[in-house]
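*Asks:* This is the structure I have questions about; it appears just below.
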Amino acid sequence: HFLEYSTFECHFSNGTQRVLYLHRLFYNGKEYVRFDSDLGEYRALTELGRRSAEYWNGQQDILEQKRAEVDTVCRHNYGVSESFLVPRR
Numbered sequence: 001h002f003l004e005y006s007t008f009e010c011h012f013s014n015g016t017q018r019v020l021y022l023h024r025l026f027y028n029g030k031e032y033v034r035f036d037s038d039l040g041e042y043r044a045l046t047e048l049g050r051r052s053a054e055y056w057n058g059q060q061d062i063l064e065q066k067r068a069e070v071d072t073v074c075r076h077n078y079g080v081s082e083s084f085l086v087p088r089r
């Protein structure tokens, strides 16, 4: 059996001053491609991810959506969850 899954991660430093958004894709437990908001594009981590990264990086609408998710997903959810999560550090 083969398993493919993805994660969406928001990493915060100093509140929302510094936000890193990652969309990571895995196949059989090994990460093969990821979107990194610091780079603004997908990067292949294995040969398996090369074609996916090339395809997604060629789709301007996909890249614009992923770049916007730093604000629409990460910063938005931080604002919603801040009062609950920040005091629990």
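No gaps in the numbering here: position 59 of the sequence shown is 59 in the UniProt record's numbering, and each next residue is one more.
C-beta atoms are modelled at their ideal positions from N, C-alpha and C, and glycine is treated no differently.
1. In chain order, which continuous runs of the alpha helix (DSSP H) of length 4 or greater are located wholly inside the UniProt domain "MHC class II beta chain N-terminal" (8 to 82)?
2. Does the beta-carbon distance from residue 42 to residue 34 come in below 8 Å?
3. Nearest to residue 56 by alpha carbon, out of 70, 40, 71?
4. Short check: CB of residue 66 to CB of residue 23, under 8 Å?
5. By Cβ distance below 7 Å, which residues in the same chain neighbour residue 53 in space, the five residues on each side in sequence not counted?
6. From residue 30 to residue 8, what distance separates their C-alpha atoms?
*Replies:* The relevant details are as follows:
1. Within the UniProt domain "MHC class II beta chain N-terminal" (8 to 82), the runs of alpha helix (DSSP H) that reach at least 4 residues and sit entirely inside it are, in chain order, 47 to 57, 60 to 69.
2. Annotated as proximal: residue 42 and residue 34, with beta-carbon spacing under 8 Å.
3. Among 70, 40, 71, the Cα nearest to that of residue 56 belongs to 40.
4. The Cβ-Cβ distance between residue 66 and residue 23 falls below 8 Å.
5. The residues are 33, 42, 43, 44.
6. When only Cα atoms are considered, residue 30 and residue 8 end up about 15 Å apart.
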